[in-house]
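Colleague: Taken in sequence, the protein lines are chains A and B. For reference, each letter of the first sequence is one residue, going 5 to 118 in my numbering. For reference, each letter of the second sequence is one residue, going 2 to 111 in my numbering. C-beta atoms are modelled at their ideal positions from N, C-alpha and C, and glycine is treated no differently. Just so we're clear, the structure is a prediction, and the values are computed from it rather than from any experiment.
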Amino acid sequence: NAGVTQTPKFQVLKTGQSMTLQCAQDMNHNSMYWYRQDPGMGLRLIYYSASEGTTDKGEVPNGYNVSRLNKREFSLRLESAAPSQTSVYFCASIPRTGGNYEQYFGPGTRLTVT
Amino acid sequence: GENVEQHPSTLSVQEGDSAVIKCTYSDSASNYFPWYKQELGKGPQLIIDIRSNVGEKKDQRIAVTLNKTAKHFSLHITETQPEDSAVYFCAASNTNDMRFGAGTRLTVKP
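(1) Hey, how far is the Cα of N68/B from the Cα of K38/B?
(2) For the region 26–44 of chain B, which residues have a beta carbon sitting closer than 9 Å to at least one beta carbon of chain A?
(3) Going by beta carbon distance, what residues of the same chain come within less than 6 Å of V70/A, once the five residues before and after it are set aside?
(4) Here's the rule I'm using: 16 or more other beta-carbon atoms within 10 Å means buried, otherwise exposed. How should S53/A be labelled?
(5) Secondary structure at S97/A, three-state DSSP: helix, strand or coil?
(6) For L73/A and K18/A, I'd like the C-alpha separation in whole angstroms.
(7) Check whether the Cβ atoms of S86/B and L107/B lie closer than 8 Å to each other.
(8) Within the continuous beta strand (DSSP E) that includes A93/B, where are the two ends?
(9) Along the chain, where does the beta strand (DSSP E) containing D50/B start, and where does it finish?
(10) When the cut-off is 8 Å and only beta carbons count, does L47/B lie next to chain A?
Structure representation (structure tokens):
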């Protein structure tokens, strides 16, 4: 199993450009999450998908959109990037079966918006 | 929503000493409390977790304690080793909304 994979690993955007961050998991997990990590602020939830076909806002959803394409894939889109969105983005998934709530994280995407 | 505070933000110990990291949470409905270790350039990885119906859990050199009344929980690492050096995050969760502490950078000096 590859676990949780994210692409790209690094990206530089100019203000106003758009891009989509891709996330996929091969563990048949039900729930998937997008977080951003900024220095001194831990991880903050952007959006999550509790199950295939559903998405919900987290703590910091403004400026982002998501798509749960199928059970494996959950993408995060920045329609018009801003310097405030410079961050490291992590995707995570949870089995949510049998009471297992352990989050499995991907390796992250480091995004810089200039 | 839930608010999680974590202390200290940095911690330096000598190899072989113990390290303690403390977290408090605000939402009494939170029932799942994981601890994650993050090494440089990698995603966080779960090291231990505890549920609200348990007061203490131990896994080799790592232990977590939970005080539901006071709404705080702690991570204890004994006999620290240089490879324990990393950033540690606590979190509190009720169903889908998991909130993380700001992290503690632990340095273990040989």
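Modeller: According to the structure shown:
(1) For the purposes of this step, residue 68/B is taken as residue 67 along the second sequence, with counting starting at 1. For the purposes of this step, residue 38/B is taken as residue 37 along the second sequence, with counting starting at 1. If I take the Cα positions, the gap works out to 22 Å.
(2) Y33, P35, Y37, Q39, G42, K43, G44
(3) Locating residue 70/A in the first sequence gives position 66, where the first residue counts as 1. Contacts found: Y51, T59, L80.
(4) Indexing the first sequence from 1 puts residue 53/A at position 49. It is buried - the Cβ of S53/A has at least 16 other Cβ atoms within 10 Å.
(5) Numbered from its first residue, the first sequence carries residue 97/A at position 93. Look at S97/A here: in three-state DSSP terms it is strand.
(6) Numbered from its first residue, the first sequence carries residue 73/A at position 69. Numbered from its first residue, the first sequence carries residue 18/A at position 14. One C-alpha to the other measures close to 27 Å.
(7) Residue 86/B sits at position 85 when you count from the first residue of the second sequence. Residue 107/B sits at position 106 when you count from the first residue of the second sequence. Their beta carbons are under 8 Å apart, which means S86/B touches L107/B by this criterion.
(8) As a working note, residue 93/B is residue 92 in the second sequence. First-last of the beta strand (DSSP E) with A93/B: 87–95.
(9) Locating residue 50/B in the second sequence gives position 49, counting from the first residue. For D50/B, the enclosing beta strand (DSSP E) has its first and last residue at 46–52.
(10) Working through the second sequence from its first residue, we reach residue 47/B at position 46. Output row for L47/B: interface = yes.
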